[in-house]
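Numbering (my numbering), first residue to last: 459 to 665.
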């Protein structure tokens, strides 16, 4: 199988983006039987969508794991839902700041991840990686990228795709985040190959 894993360039005045650092670390350590393709996306609404689309066309992956930085969180976040809304608190790296705009005009309100979230959560917890299933990827470039990914792959039942947020490196070190991504990828590959089923594992939120 071929796996596409993406991270983002720095934004908001930061010198690094932990999502890309984790993807780079994952790629450097990768020794699995499947091909892993890393790609860095710009933190722009239009640029991330276009760069991701080009990578999908070029590599035709069987599994896609997009990653982003969630500053302020203390766990790896397995995103469940992509919303068709862009509402930017700060401008993106191109200076664009959409407010209450659709990611894809006329598209569905939301898409669900096709990654095996519960099996992945179980694998991360077994490896002592702090992890949760998250029901919002925000309304910035991460969510827009997640939505664009899901919209582009809608109807392609053979492709597993979704989004993962990683914390800052002072909370979850880059090496641990890369190990978490390896588990995300490995679990998705096993699920795509029909060798792993989703467990009935409660991971909802009360608010």
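C-beta: ideal position from N, C-alpha, C; glycine also.
When we look at the beta-carbon of residue i and count the other beta-carbons within 10 Å, is it buried (16 or more) or exposed?
i           : result
residue 628 : exposed
residue 493 : exposed
residue 512 : exposed
residue 637 : buried
residue 658 : exposed
residue 460 : exposed
residue 489 : exposed
residue 403 : No information on residue 403 is available, as it lies outside the stretch 459 to 665 that the chain covers here.
residue 521 : buried
residue 570 : exposed
residue 491 : exposed
Using only the alpha-carbon positions, how far apart do residue i and residue j sit?
i           : j           : result
residue 646 : residue 584 : 16 Å
residue 475 : residue 561 : 23 Å
residue 507 : residue 643 : 21 Å
residue 623 : residue 631 : 13 Å
residue 589 : residue 526 : 15 Å
residue 468 : residue 528 : 12 Å
residue 516 : residue 549 : 29 Å
residue 655 : residue 564 : 33 Å
residue 619 : residue 600 : 14 Å
residue 574 : residue 598 : 24 Å
residue 614 : residue 462 : 16 Å
Under a three-way DSSP split, which group does residue i fall into?
i           : result
residue 660 : coil
residue 462 : strand
residue 594 : coil
residue 526 : strand
residue 575 : helix
residue 513 : helix
residue 582 : helix
residue 521 : strand
residue 567 : coil
residue 539 : strand
Pull up the DSSP beta-bridge partners for residue i, would you.
i           : result
residue 534 : 589
residue 559 : 544
message: Give the list of continuous beta strand (DSSP E) stretches no shorter than 3 residues that lie fully inside the segment 477 to 509.
response: 493 to 499
- request: Only counting runs of 4 or more residues, tell me where the alpha helix (DSSP H) segments fall wholly within the segment 598 to 651, in order along the chain.
  value: 599 to 611 and 632 to 650
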